[in-house]
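To keep things clear, I will list the structure first and then write my remarks on it.
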Amino acid sequence: MAALPIIDLREIGSPDELAAELLRVGKDPGFFYLVGHRVSADIFDVCRDFFSNTPLAEKKVYWTESGDKGYTGMRDESLAGKGNGDLKESFYIASEKICPDQQLPPKLQENREQIEEFISQCENTARILLEGFALGLELKSNFLSKHHGGKCNRLRLIHYPEVPFTAPDSPISTTEATPQPDTQTNSFDEKTDIRAGAHSDYGSLTLLFQQATDQGGLQVLQHGGVWRDVPYLEDAIVVNIGDALEFWTSGQLRSTVHRVVFPRTAAESGSRFSIPFFVQPDAEVLLAPLPLSGTRAEVEERASRFQCVLQEKGYREADPITAGEHLRRRLQATY
Ligand SMILES: O=C(O)CCC(=O)C(=O)O
Ligand SMILES: [Fe+2]
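Taking this note's numbering, the leading residue of the sequence shown gets 36, the next gets one more, and so forth.
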């Protein structure tokens, strides 16, 4: 059995059927494989070439204070909000349509058209899913998508550099030659280090692209506290619900915690690349319970569950926050 439920868009007969499926998997586990989608562009070559062939000093020129635009370096971010910093470097890209001023390094700039096409295909897929979720929640089909103008969406190219793998009772070994960026660190602690700390995503949905050669490491947290590996599935996008949809639905849709573990085997220890596309609501949108239908008791129950969701996300105040404020606070807590 696959690690996650699979939604195959080619097999879905109607918008209502898609809506029902999305609600089912969005409640539990909050993560699914999407196949039969129309994202045909592939930018993994561009991603690998950029990280492998751009000197660190040049990458650092594109670092910005914001935490969600440009370059982030090794150990800059702790997604779990604690620890020594995640073992990764990344580059955040906003679509040229909404952010024509964002300067890209030459290795990315020369492939800008391909990147834009990829973003546009991701946005089209996101719209189909947001419309499906809205219908499933018995709202007008554009109820969610109209709050996603695209300004806050981000494409992120991620590189988890190779780490030395120490097999039990053997000297330190590294896997065969993979690009070695100057990663600013050469000391690792397999007990405390992590590639991406446990976290939930902040926006509405994340479309995560894995390589066919993905060596593993991504895990989702299941009920009962058990971590489950999410391996590559052919032509699939790994989609997950983010905090915004969890807030809006008072937890009916689940923003599931996930992480990328420190390599457990020699096979996992090589460089890993992944590409998430973060679908985020417009900054001013309030993350308050949606006007969902139901009896008075159901509405009251939702209001009290909303308070629990706020607390679980670390908010002490009882009032909802905007998507922009949530993003700002999460970035502040992780950098
Ligand atoms: O690299 C991965 O597989 C997951 C990355 C992730 O969860 C994130 O960047 O939010
Ligand atoms: Fe994530």
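Think of the CB as a built atom: it goes at the ideal place given N, C-alpha and C, for glycine as much as any other residue.
Using the Cβ count rule (16 or more neighbours within 10 Å means buried), how would you classify residue i?
i, result
"T227", "exposed"
"V96", "exposed"
"P316", "buried"
"P439", "Since the displayed the chain opens at 36 and closes at 370, residue 439 lies outside it and no answer follows."
"C82", "buried"
"T89", "buried"
"D278", "buried"
"H258", "exposed"
"D217", "Interpretation of D217 is limited by its pLDDT of 46, a score under 50 that renders its predicted location unreliable; the figure taken from the coordinates is listed afterwards. When all chains shown are included, D217 counts as exposed."
"Q215", "Caution is warranted here: a pLDDT of 48 is assigned to Q215, below 50, making its placement in the model unreliable, and no coordinate value can be reported."
"E166", "buried"
"T369", "buried"
Over what stretch of residues does the beta strand (DSSP E) that includes residue i continue unbroken?
i, result
"D107", "Inspection of the sequence shows that residue 107 is occupied by Thr rather than by Asp. Residues 105-107."
"G232", "231-234"
"S306", "No beta strand (DSSP E) contains S306, which DSSP labels as neither H nor E."
"L165", "It is not in any beta strand (DSSP E) - L165 instead sits in the alpha helix (DSSP H) that spans 147-171."
"V255", "253-256"
"R189", "189-195"
"S125", "124-128"
"Q245", "240-245"
"A67", "Looking at the sequence provided, one finds Phe at residue 67 rather than Ala. From DSSP, the beta strand (DSSP E) with F67 extends over 66-70."
"R365", "Unbroken run through R365 is the alpha helix (DSSP H), 358-369; no beta strand (DSSP E)."
With respect to the alpha helix (DSSP H) encompassing residue i, which residues constitute its N-terminal and C-terminal limits?
i, result
"P141", "141-144"
"R294", "Premise fails: R294 lies in the beta strand (DSSP E), 293-295, not in any alpha helix (DSSP H)."
"W98", "W98 -> no alpha helix (DSSP H), and no H or E assigned at all."
"D51", "50-62"
"R83", "79-88"
"V334", "331-347"
"D278", "278-283"
Give me, in chain order, the residues of the same chain whose beta-carbon lies closer than 6 Å to that of residue i; leave out the 5 immediate sequence neighbours on both sides.
i, result
"F126", "Y106, L192"
"T209", "Residue placement at T209 is flagged as unreliable, the pLDDT there being 49, under the threshold of 50; a coordinate-derived value is accordingly withheld."
"F313", "R189, G238, T241"
"D311", "According to the sequence as given, residue 311 is Pro; it is not Asp. Same-chain partners within the cutoff: R191, T241, L243."
"A353", "none"
Out of the options, state which residue places its alpha-carbon closest to the alpha-carbon of residue i.
i, options, result
"S75", "Q137, E158, D121, E303", "E158"
"L322", "K123, G286, R331, V261", "G286"
"K186", "F312, C134, A161", "C134"
"S309", "F66, E100, A301, Q245", "Q245"
"L327", "A338, I356, I47", "A338"
"K123", "D103, A231, N177", "A231"
"L288", "E173, P50, G61, G167", "G61"
Give me, in chain order, the residues of the same chain whose beta-carbon lies closer than 7 Å to that of residue i; leave out the 5 immediate sequence neighbours on both sides.
i, result
"W283", "L322, P324, L325"
"D43", "V70, G71"
"N119", "R110, T227, D228"
"G171", "A54, A55, L57, L58"
"D84", "K142"
For residue i, which residues from the same chain have a beta carbon less than 8 Å from its beta carbon, with the 5 sequence-adjacent residues on both sides left out?
i, result
"E93", "P140"
"Q149", "A76, I78, V81"
Following a CB-centred definition, is residue i positioned closer than 6 Å to any heavy atom of ligand 4?
i, result
"D249", "What this structure holds is ligand 1 and ligand 2, not ligand 4."
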